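Once you know that position 204 of the sequence shown is 204 in this note's numbering, the rest is easy, because the numbers rise by one and skip nothing. Okay, so here's the structure we're looking at.
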Amino acid sequence: MPDPTPALPRGALRAAAARVDAATPGERDRAVDALRAFAILGVVLGHWLVTALVADGTGLHAASPLQDMPRLAPVSWAFQTLAVFFLVGGHVATRGYASARARGESYGRWLGARLSRLFRPVAAVLALWTVTAALLLLTGADFVTVHTLVKLALSPMWFLLVFAALTAATPLLTRLHPLWPLVVVLHVDLLRFGLGAPSWLGWVNLAAGWLVPYTLGAAWTRGELDRRRAGWLLLTGGTAATAALVAWAGYPASMVGVPGASVSNLNPPTLAAVTFGLAQCGLALLLRDRLRRAMRRPVAWAAVALVNLSAMTIFLWHQTALMATTATGLLAGRLPGLHTLPDGPDWIAARLAWLPVFALVLAGCWATFRSCERGGGRRRNRVVRTHRPQRRATGAGARHV
């Protein structure tokens, strides 16, 4: 007779998921939260798969399997999901700003609340790495190693600065057509790659490039992307444009930076990265109905809700989890997939085996620092809430964050 003990945790899990499902406002578009969760987890997995810290006897230096194994470029297509995050961010921000105006809430109060949620977890990351870097240098650690670690730990913050700037500009962007920033990216690339303009001009694309999916999110709010035709146009047009740029215009196939490469599609964004993002946004829009159906399952929705409630904590600490595992592993020697050069299939197999360890360490970071994102746990979250029998959810209760 089977032992019923293993069923107890599953039963408790399902009961907890059912409570989360019941506490979610009925009007909430769960597909939006699913897309945001997938975008965050895509970035995390992408970094864990293409970031290597190689021990060379004197310290650690960063490397990438994409440098020695360029055939792995399709990995970057699957996990470079920032465009989807900006799409959802633009949709949520423009929708939230419209709701704030309808309630009579001032722009300053609305923006302050959004930026507070965005930057609250940053202080803990900065404090930890300031202390860590100082201790490493005082104990004689190699400066190049410390610089590599700090750079990897803090690199996700560039995204927050760009996202915060676009959020602040939301009232000006609610009616901006995505073609305008796309045209800016096109001309910037034409000037620097075709006409020999200075390379620093490319940094204009740091704002213009991410404005494209952000303003697509605003178009979603306006109802202009509701028809499936819009998703298909973005998917097919973006895919064709990206393929043409890579095949005939000399753009890299990888959608993330590769050490030693003369051109990075991401730093700053190139036209190829933007057209690839258009294709991703089109696919995301086409998947909305399927995601809404999938999110009716309580367990799936509870997982997505958990990621959304801790999105910034997961994003900010995932590189720290990788580096903490790497540094601790050095105590056992030079471990495959963790400290070795990423130059072959053996490294890939070993790195895949390390992913659960990274996830476990990240879970520890989440348990330690999640209160920073939730403001000490006193704030009522807006992904789920407790229903009261005598009151039904209203449109305000279904706002996205």
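We put the beta carbon where it would ideally sit given N, CA and C, even for glycine. Quick caveat, the model's predicted, so the values are computed rather than measured.
* Quick one: is residue 373 buried, meaning 16 or more other Cβ sit within 10 Å of its Cβ, or exposed? -> What you label residue 373 is simply residue 373 of the sequence shown in a count that begins at 1. So residue 373 ends up on the buried side.
* For residue 242, I'd like the list of residues in its chain whose CB is within less than 7 Å of its CB, leaving aside the five on either flank, ordered along the chain. => As a working mapping, residue 242 is identified with position 242 in the sequence shown. Here the set comprises 272, 275, 276, 279.
* Asked: Do the CB positions of residue 314 and residue 44 come within less than 8 Å of each other?
  -> Here residue 314 is taken as the residue at index 314 of the sequence shown, counted from 1. Here residue 44 is taken as the residue at index 44 of the sequence shown, counted from 1. Cβ distance < 8 Å, so residue 314 and residue 44 count as in contact.
* **Per-residue DSSP class, three states only, for residue 61** => Numbered from its first residue, the sequence shown carries residue 61 at position 61. Correct three-state label for residue 61: strand.
* Asked: Measuring CB to CB, does residue 330 end up less than 8 Å from residue 55?
  -> Your numbering for residue 330 matches position 330 in the sequence shown. Your numbering for residue 55 matches position 55 in the sequence shown. Contact: yes.
* residue 186, DSSP secondary structure in three states -> Here residue 186 corresponds to residue number 186 of the sequence shown, with the count starting at 1. Of the three classes helix, strand and coil, the one that applies to residue 186 here is helix, per DSSP.
* Going by C-alpha distance, which of 25, 173, 161, 368 is nearest residue 98? -> The residue you call residue 98 lines up with position 98 of the sequence shown. Residue 98 has its Cα closest to that of 173, out of 25, 173, 161, 368.
* **Sheet register partners of residue 304 (DSSP bridge)** => Along the sequence shown, one-based indexing puts residue 304 at 304. Residue 304 is not bridged to any residue.
* Quick one: what's residue 266 bridged to in DSSP? -> Counted from its first residue, the sequence shown places residue 266 at position 266. Looking at the DSSP output, residue 266 shares a beta bridge with 269.
* Exposed or buried, which one is residue 167 when buried takes at least 16 other CB atoms within 10 Å? -> Within the sequence shown, numbered from 1, the residue matching residue 167 stands at position 167. Residue 167 comes out buried.
* For residue 149, three-class secondary structure by DSSP -> Within the sequence shown, the letter at position 149 stands for residue 149. The answer is helix: DSSP assigns residue 149 an H, G or I state.
* Does DSSP put residue 53 in a helix, a strand or coil? -> For the purposes of this step, residue 53 is identified with residue 53 of the sequence shown, where counting begins at 1. Here residue 53 carries a strand assignment [DSSP, helix/strand/coil].
* Asked: Among 327, 269, 163, which has the Cα closest to the Cα of residue 119?
  -> Taking the first residue of the sequence shown as 1, we reach residue 119 at position 119. Residue 163 is the option with its Cα nearest to residue 119.
* State buried or exposed for residue 13, treating a residue as buried only when at least 16 other CB atoms are found within 10 Å of its CB. => Taking the first residue of the sequence shown as position 1, residue 13 is located at position 13. Per the 10 Å Cβ criterion, exposed.
* residue 281: which of 157, 217, 270, 312 sits nearest, CA to CA? -> Position 281 of the sequence shown, counting from 1, holds the residue named residue 281. Among 157, 217, 270, 312, the Cα nearest to that of residue 281 belongs to 217.
* Asked: Rounded to the nearest angstrom, how far is the Cβ of residue 286 from that of residue 231, given a contact under 8 Å?
  -> Numbered from 1 along the sequence shown, position 286 holds the residue referred to as residue 286. Numbered from 1 along the sequence shown, position 231 holds the residue referred to as residue 231. Their Cβ separation, rounded to whole angstroms, is 4 Å, which keeps residue 286 and residue 231 in contact under 8 Å.
* To do: Report the three-state DSSP secondary structure of residue 167 (helix, strand or coil).
  => Stepping through the sequence shown from its first residue, residue 167 is reached at position 167. Residue 167 falls in the helix class under three-state DSSP.
* What's the C-alpha gap between residue 139 and residue 147? -> For the purposes of this step, residue 139 is identified with residue 139 of the sequence shown, where counting begins at 1. For the purposes of this step, residue 147 is identified with residue 147 of the sequence shown, where counting begins at 1. If you draw a straight line from the Cα of residue 139 to the Cα of residue 147, it is about 15 Å long.
* Does the beta carbon of residue 289 come closer than 8 Å to any beta carbon on chain B? -> The question asks about chain B, but that chain is absent: this structure has only one protein chain.
* Asked: What is the DSSP secondary structure of residue 90, counted as helix, strand or coil?
  -> Position 90 of the sequence shown, counting from 1, holds the residue named residue 90. Taken through DSSP and simplified to helix, strand or coil, residue 90 comes out as helix.
* Asked: Relative to the alpha-carbon of residue 336, which residue among 143, 354, 248 has its alpha-carbon at the smallest distance?
  -> Mapped onto the sequence shown, residue 336 falls at position 336. Selected option, being the one with the closest Cα: 354.
* **Any alpha helix (DSSP H) of 4 or more consecutive residues that is wholly inside the segment 282-359** => 288-294, 298-309, 311-329, all fully within the segment 282-359.
* 6 Å CB neighbourhood of residue 318 in its chain, flanking five on each side removed -> On the sequence shown, residue 318 is found 318 positions in, with the first residue counted as 1. Result list for residue 318: 44, 362, in chain order.
* In whole angstroms, what is the alpha-carbon distance linking residue 89 and residue 178? -> Counting from one through the sequence shown, the residue named residue 89 turns up at place 89. Counting from one through the sequence shown, the residue named residue 178 turns up at place 178. The straight-line gap separating the alpha-carbon atoms of residue 89 and residue 178 is approximately 14 Å.
* Over the uninterrupted alpha helix (DSSP H) stretch that includes residue 116, give me the two end residues. => The residue given as residue 116 occupies position 116 in the sequence shown. Segment 107-119, the alpha helix (DSSP H) holding residue 116.
* Residues near residue 42 in its chain [Cβ-Cβ closer than 6 Å; skip 5 each side] -> In the sequence shown, counting from the first residue as 1, residue 42 sits at position 42. Its chain contains 79, 81 as the residues whose beta carbon lies nearer than 6 Å to that of residue 42, once the 5 sequence neighbours on both sides are disregarded; these appear in chain order.
* Distance CB(residue 206)-CB(residue 188) smaller than 8 Å -> Position 206 of the sequence shown, counted from the first residue, corresponds to residue 206. Position 188 of the sequence shown, counted from the first residue, corresponds to residue 188. Going by beta carbons, residue 206 and residue 188 fall outside the 8 Å limit.
* Expressed to the nearest angstrom, what Euclidean distance is found between the alpha-carbon atoms of residue 23 and residue 303? -> Numbered from its first residue, the sequence shown carries residue 23 at position 23. Numbered from its first residue, the sequence shown carries residue 303 at position 303. Distance between the alpha carbons of residue 23 and residue 303: 14 Å.
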